[in-house]
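So the structure is just underneath, and the comments pick up after that.
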Amino acid sequence: SFTESKSFLVSGKKIFDLIKELEGDINFSLDKNDIKINSGKAKLTLNIKDSQEFPVFPERIENLMQLDAKVLLNLLDKVSFIIPQNNSNQALNGLLIEISNKDLTMTATNGHCLAQVKTDKYHLEEPISWLIPRRAIFELKKIIETTQEESIFLGKCKNQLVFSGESFNFFTKLLADQFPEYNPILNKNGFSDGFVNRMDLVKTLRRSVCLLSGQFIPTQFSFTSDDLAISILNKEVGAMQERIELKNFSSNSIEIRFYAPYLLNGLQVFEDENLHFYLSTSSKPMIIESEKDGINATYLVMPVSPTS
1209 SFTESKSFLV SGKKIFDLIK ELEGDINFSL DKNDIKINSG KAKLTLNIKD
1259 SQEFPVFPER IENLMQLDAK VLLNLLDKVS FIIPQNNSNQ ALNGLLIEIS
1309 NKDLTMTATN GHCLAQVKTD KYHLEEPISW LIPRRAIFEL KKIIETTQEE
1359 SIFLGKCKNQ LVFSGESFNF FTKLLADQFP EYNPILNKNG FSDGFVNRMD
1409 LVKTLRRSVC LLSGQFIPTQ FSFTSDDLAI SILNKEVGAM QERIELKNFS
1459 SNSIEIRFYA PYLLNGLQVF EDENLHFYLS TSSKPMIIES EKDGINATYL
1509 VMPVSPTS
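Residue numbers (the numbering used here): 1209 to 1516.
Here it is as structure tokens:
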């Protein structure tokens, strides 16, 4: 046991990973340059640093709004899955949060697909936006899930964004890159709409993905007023053809090709029995929309050109 207070720095990830792998009682002892960890026959050391090297903790946080933790987690879950890890366009490696005097919007894209959620439960008098790094978003999700707090405060501190609960303050730097202008591609003027059973489409897409065998092979989608024919041919593996019933499709026929995993990934976040979709031509995206519990969710997937 310590006879006086001590403060030092140790790698959080290293000590966390090590402790997960140990069993039984764990004993710690502190030397000048390291911390010793003993458990059973295992004897380990981790280097430590002077606590003065830790960044100065900000003194003042300006809280902007209070968010329901479950609602925030739901919003993040519906868009974070699409954020790329190491895209050459740095702006795509983050989540765009926009707050206006009407609503709060979160948008993410990987260049092939776009996911967006919008709710009028939260708004600010002065519009503001932030581009938050992917890593910070996933760390925030872990914290919310672990702490199980009911409310999260969203605030700012100089050039950082802060998410706070009763037991934590989570600071994140922001990306300075310009997020792509997305409103034009979400414009549905001239689009036809219809409904398709979500699970029927998901199961069919899963079967088509089984035939990809790791290859980038487009799946053909043939929409008519009554049904959707889905087909794929992989000369090295096999072929599939399947039909799904459509409801209230307002166009006679549209032929379009998608890379099935892109479409399937987005469908996983919807809960509707029937999906409301929009289509125009073979060169324009498919847009899927849903509204539940005051949250509007949109998923857009770009088609694959016939030459791909």
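All residues carry an ideal CB built from backbone N, CA and C; glycine is no exception.
Leaving out five residues on either side along the sequence, give the residues of the same chain with a beta carbon under 8 Å from the beta carbon of residue i.
i       : result
Asn1482 : Phe1403, Val1404, Asn1405, Arg1406, Lys1455
Gly1502 : Thr1327, Asp1328, Lys1329
Asp1242 : Thr1253, Leu1254, Asn1255, Ile1256
Phe1399 : Tyr1486, Leu1487, Ser1488, Lys1492, Ile1495
According to DSSP, is residue i part of a helix, a strand, or is it coil?
i       : result
Thr1412 : helix
Ser1259 : helix
Ser1288 : helix
Asp1225 : helix
Pro1341 : strand
Glu1347 : helix
Gly1474 : helix
Ile1234 : coil
Lys1278 : helix
Ile1425 : coil
Leu1419 : coil
Gly1302 : strand
Leu1283 : helix
From the options, pick the residue whose C-alpha is nearest to that of residue i; which is it?
i       : options                            : result
Val1325 : Gly1232, Thr1355, Asp1285          : Asp1285
Glu1270 : Ser1421, Met1448, Cys1365          : Cys1365
Ile1336 : Asp1311, Glu1306, Thr1355, Ser1372 : Glu1306
Asn1460 : Ile1393, Asn1246, Asp1401          : Asp1401
Distance check for residue j and residue i, CA to CA, integer angstroms please.
i       : j       : result
Lys1257 : Ser1237 : 15 Å
Ala1468 : Leu1272 : 40 Å
Ala1323 : Asn1504 : 11 Å
Asn1297 : Ile1291 : 12 Å
Met1314 : Val1477 : 14 Å
Leu1312 : Leu1339 : 14 Å
Leu1281 : Tyr1390 : 23 Å
Glu1231 : Lys1222 : 16 Å
Gln1449 : Ile1438 : 6 Å
Throw me the rounded Cβ distance for the residue i and residue j pair, which I believe falls under 8 Å.
i       : j       : result
Ser1416 : Thr1427 : 5 Å
Ser1458 : Glu1444 : Contact doesn't hold; Cβ gap of about 38 Å is too wide.
Asn1318 : Asn1295 : 7 Å
Glu1347 : Glu1374 : Not really, about 18 Å apart at Cβ, beyond 8 Å.
Ile1440 : Leu1419 : 6 Å
Ile1464 : Pro1511 : 5 Å
Tell me which residues share the same chain as residue i and place their Cβ nearer than 6 Å to its Cβ, disregarding the 5 neighbours each side in the sequence.
i       : result
Ala1344 : Thr1380
Val1410 : Leu1475
Leu1283 : Met1314, Val1325
Using 6 Å as the cut-off, classify the Cβ of residue i as near or not near the heavy atoms of the ligand ADP, replying yes or no.
i       : result
Leu1369 : With respect to the ligand ADP, the structure shown offers nothing to examine, as it has no ligands at all.
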